[in-house]
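The working numbering applies: residue 44 is where the sequence shown begins, and numbers increase by one.
Glycine included, each C-beta is placed from N, C-alpha and C at the ideal position.
A short worksheet on the structure shown next.
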Amino acid sequence: MEVKDSLSTPVLENLDGSDNYVDWSIQVQTYLMGKDLWDTIEATTKPPKQEDNEAAFKAWSDKNYMALRLIKDSCVPSTSSEIGKTSYAKDAWNTLAEKKEKRKGWQAKYSYVAEVEEEIFCLTMGLDTMVAQNWNQINVIDHEAFKVEFEEVVRRGDWNSVEEFMNRYPGSAGLKITGDGGMALHVAVDAEHEHIVEKLVAIMSEQELEITNNDGATALAEMITWGKNPSLEKWAECMLRRNVNLLRIKCSRFGLPVVRAFCWGQKKLGRYLYSLTPAEDLKPEIFRSAAILCWAAIWTQNLDIALDLIERCPSLALARGKSGHTPLHALAFASPSENWMVFWKRWIYKC
Numbered sequence: 044m045e046v047k048d049s050l051s052t053p054v055l056e057n058l059d060g061s062d063n064y065v066d067w068s069i070q071v072q073t074y075l076m077g078k079d080l081w082d083t084i085e086a087t088t089k090p091p092k093q094e095d096n097e098a099a100f101k102a103w104s105d106k107n108y109m110a111l112r113l114i115k116d117s118c119v120p121s122t123s124s125e126i127g128k129t130s131y132a133k134d135a136w137n138t139l140a141e142k143k144e145k146r147k148g149w150q151a152k153y154s155y156v157a158e159v160e161e162e163i164f165c166l167t168m169g170l171d172t173m174v175a176q177n178w179n180q181i182n183v184i185d186h187e188a189f190k191v192e193f194e195e196v197v198r199r200g201d202w203n204s205v206e207e208f209m210n211r212y213p214g215s216a217g218l219k220i221t222g223d224g225g226m227a228l229h230v231a232v233d234a235e236h237e238h239i240v241e242k243l244v245a246i247m248s249e250q251e252l253e254i255t256n257n258d259g260a261t262a263l264a265e266m267i268t269w270g271k272n273p274s275l276e277k278w279a280e281c282m283l284r285r286n287v288n289l290l291r292i293k294c295s296r297f298g299l300p301v302v303r304a305f306c307w308g309q310k311k312l313g314r315y316l317y318s319l320t321p322a323e324d325l326k327p328e329i330f331r332s333a334a335i336l337c338w339a340a341i342w343t344q345n346l347d348i349a350l351d352l353i354e355r356c357p358s359l360a361l362a363r364g365k366s367g368h369t370p371l372h373a374l375a376f377a378s379p380s381e382n383w384m385v386f387w388k389r390w391i392y393k394c
């Protein structure tokens, strides 16, 4: 098949039995997004059936084949065997995630994640105190029932009901009400209620906007994972007008919001966040994921971003990940574009 024959496997981190799952998953996910294959992994609907739509089935089959092949080819044999004989890229990805992420101590062995989590812990200590104070202001006996009711009100999408609820319970906007530690703002982002997102941001304090869920993600960081909603940039602008420091709050998965955006294939949002992120926050000696940002920019064909990073810090051009690979490997396997030769020339000059 022509599509399958044209597939080239990039030089990526090989997933083995050590502690490199985070490195591997970031690189593979970013590459799949750059090749428009990630939807085979994150899809929430069943694959199309051949008898219903043969063209759609063929398109999905080709993408699933390429994604599955990349996942298997980037695993050492012992790890690849854990996938079994599955023919679905989504199942292979989820199986590896379950096996690797549940392995005891993997986060402690991965220094960058450990460092970020320590920063998150220090940040959330003060914010958790504020959340506790907010709870003290609310005269409710059953906190769990309160959380369920508040979340349901927000998910319904009726701002008048949300406002009436918060008027009854002042300070409730800054409470963690979901099972994963999210606030009402996290819920509104998840439900994609644009009008409620904007109104909540307008009444929340700067400190409340910095409250993170159990994954260390602010509402700004959380919304990055929600597909191709055209309102994402508008929501980000709305939040950053209230608190620009949100750009500097790292979550445990990808660190800074700008890296999270590019790694999730949110090109437009990523470029917007990059334009606002302080340059000093992206220096390799300060920000351990600067090389990941450079790789992600290349794989998503934001070559001007990658070049800007290298011009700011030339050592990034040869920065090696744990696998020993540099952003040059990402460049070698990314899809060509009209600016390719210009980028190559300037890259070589900087090196």
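By a beta-carbon distance limit of 8 angstroms, L58 does not contact L113. Their separation comes to about 11 angstroms. Here G222 is exposed: its Cβ has fewer than 16 other Cβ atoms, across all protein chains shown, within 10 Å.
Of G308, C294, I348, the smallest CA-CA separation from L319 is found for I348. With respect to W342, Y74 sits close: the two C-beta atoms are nearer than 7 angstroms. The DSSP assignment places complete alpha helix (DSSP H) segments of no fewer than 4 residues inside the segment 275 to 319 at 275 to 285, 300 to 306, 310 to 319, in order along the chain. With a 10 Å radius around the Cβ and a threshold of 16 neighbouring Cβ atoms, S215 comes out buried.
One thing to note: I267 has its Cβ within 7 angstroms of the Cβ of R303. The criterion of a C-beta distance shorter than 7 angstroms is not satisfied by V232 and E194. A direct Cα-to-Cα measurement between G200 and G308 gives close to 27 angstroms. For the pair I69 and K133, the CB atoms are not nearer than the 7 angstroms cut-off. Between L228 and A262, the C-beta gap is smaller than 7 angstroms, which places the two residues in contact.
Residue environment for E265: buried (at least 16 other C-beta atoms within 10 angstroms of its C-beta). At the C-beta level, P90 and W81 stay beyond 7 angstroms of one another.
Within 10 angstroms of the beta-carbon of T122 lie 16 or more other beta-carbons, which makes it buried.
The Cβ atoms of V244 and C294 lie no closer than 7 angstroms to each other.
Contact check for I239 against W269 fails: the beta carbons are separated by 7 angstroms or more.
Looking at the backbone, the Cα of F305 and that of M226 are separated by about 25 angstroms. Each of I220, K219, E192 was checked against the Cα of E207, and the nearest Cα belongs to E192.
The straight-line gap separating the alpha-carbon atoms of E187 and V301 is approximately 34 angstroms.
Linking A339 to Q72 through their CA atoms gives a straight-line distance of about 10 angstroms. In terms of CA proximity to E237, R198 leads the group F297, K101, G224, R198. Here C118 carries a strand assignment [DSSP, helix/strand/coil]. When secondary structure is reduced to three states using DSSP, L58 falls in the strand class. DSSP places N137 within a helical segment (H, G or I) once states are collapsed to three.
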